[in-house]
Each structure stands twice: as structure tokens, then as C-alpha cells.
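Worksheet for the structure shown next.
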Amino acid sequence: MTDPHDPDSGYSAMVGDRIRTIRRQKRLSLQDVEARSESEFKASVLGAYERGERSISVPRLHRLSMFYNVPVEQLLPLDFATTPEEVSNVVEPPAWVPGQKVIIDLTAQASASSSEAEMIGRYLTIIQVKRQDFNGRVLTIRGDDLQALAAILGTAVDGVAPRLAEMGLLYRPPSD
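Numbering (the working numbering), first residue to last: 8 to 183.
Next comes the structure, spelled out in C-alpha cells:
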């Protein structure tokens, strides 16, 4: 049970909120995590972490971050002084103009081995951390990000999508 007078219990609750947020972004239930982790993370214990009823050790937090395939710092609160209301009021930059969406297939990117693909991968990780977006399958590129990708690829902004397609990194929705 959390003690409202114990500053560590408040921090544990915030860590738990972050763990729950990442798990939900991955679209996993507590039971899914237990099954997929081969019972390394029991549903009841993970639930206790998420509710802040139990503190998670650093090594265990690291293993959980590896299981979720996210940087360990993403399982920690954004800022101990920040309230959930302040976090929800953060304004994201506008999305890329409709009709010009560039969506990267993160699965294809992870298996690509060229030096360009590795640089793109590092940049995409930065975008995911900034956006708190760890669904792991695709990533929509916004206007400002497109300019940085153009610089990485050594092309004009309008040449990014064709170059990504050429590299096999552009997401193509399954056709019926």
C-alpha cells in the first residue's frame, strides 16, 4: 500500500504510471506480458508496480525496458515535479500535411544494415523518445523531421520518400 507521507511512494506511483503507459502503447495486457516474458514479469507483480504499491529495482526496470524494447529512461517519470495535468497539456508539433505523409516501416528499418539505415534508425529513436511513441511498427514523419532525414540522406526534402522507398523503408499498407 502506498503511504501518502512517503516521498518514495509518490515516485513509485509515477514510475508505475510510466510502466503502464508503455505497456498500453504496446497494446499488451498484464497477462500478455506474463506470457510473452515466460513469467519473468508476473501479472500480479507488474500490476503492483503500475499501481505504485511496490517499488521496482533498477536491474528489474532495465530488464523490463529490454522486454518492451524502449530506453530505460522512458520507464521513469518525465519530471518528478511535473503533474499528470501538466504532461497532458504539452502541445505536439503539427502533423505532416495530409497527402504527403511519409510513414517509415520500423520493422524493415530494424533489419536494414546499411550505414544510412543505421543513421536513420538512430534519428527515429530520437523521434520516438520525443513523442513517447513506442508502438514499434511504423512511424509517421512530420515536416521538421523530414528536413533532418533529407540531410541524413543527402537529398532534397521532396526526394526523401522516394529514397526511403528505394531502401525498402517506406511503409506500404497491406492490400486487400
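From the three backbone atoms N, C-alpha and C, an ideal C-beta is built for every residue, glycine too.
- Around the CB of residue 29, 16 or more other CB atoms lie within 10 Å, so the residue is classed as buried.
- Sorting 25, 172, 176, 143 by C-alpha distance to the C-alpha of residue 53 places 25 at the top.
- Apart from the 5 residues on each side of it in sequence, residue 155 sits with its Cβ closer than 7 Å to the Cβ of 130 in its chain, given in chain order.
- Residues 113, 114 of the same chain have their beta carbon placed closer than 7 Å to that of residue 144, with the five preceding and five following residues left out of the count.
- Within the same chain, no Cβ atom closer than 6 Å to the Cβ of residue 125 is found once the five residues on either side in sequence are excluded.
- Assigned with DSSP and collapsed to three states, residue 140 falls in coil, not helix or strand.
- Under the three-state reduction of DSSP output, residue 148 falls in the strand class.
- By the beta-carbon neighbour count (other beta carbons within 10 angstroms, threshold 16), residue 65 is exposed.
- DSSP links residue 109 through a beta bridge to 148.
- Rounded to the nearest angstrom, the Cβ distance from residue 134 to residue 152 is 6 Å, consistent with a contact under 8 Å.
- Between residue 57 and residue 27, the gap from beta carbon to beta carbon is short of 7 Å.
- The C-beta distance from residue 168 to residue 79 rounds to 33 Å, too long to fall under 8 Å, and the pair is not in contact.
- Annotated three-state conformation of residue 177 is strand, per DSSP.
- Counting other Cβ atoms within 10 Å of its Cβ, residue 23 reaches 16 or more and is therefore classed as buried.
- In this structure, residue 141 lies away from residue 40, with their beta-carbon atoms at least 7 Å apart.
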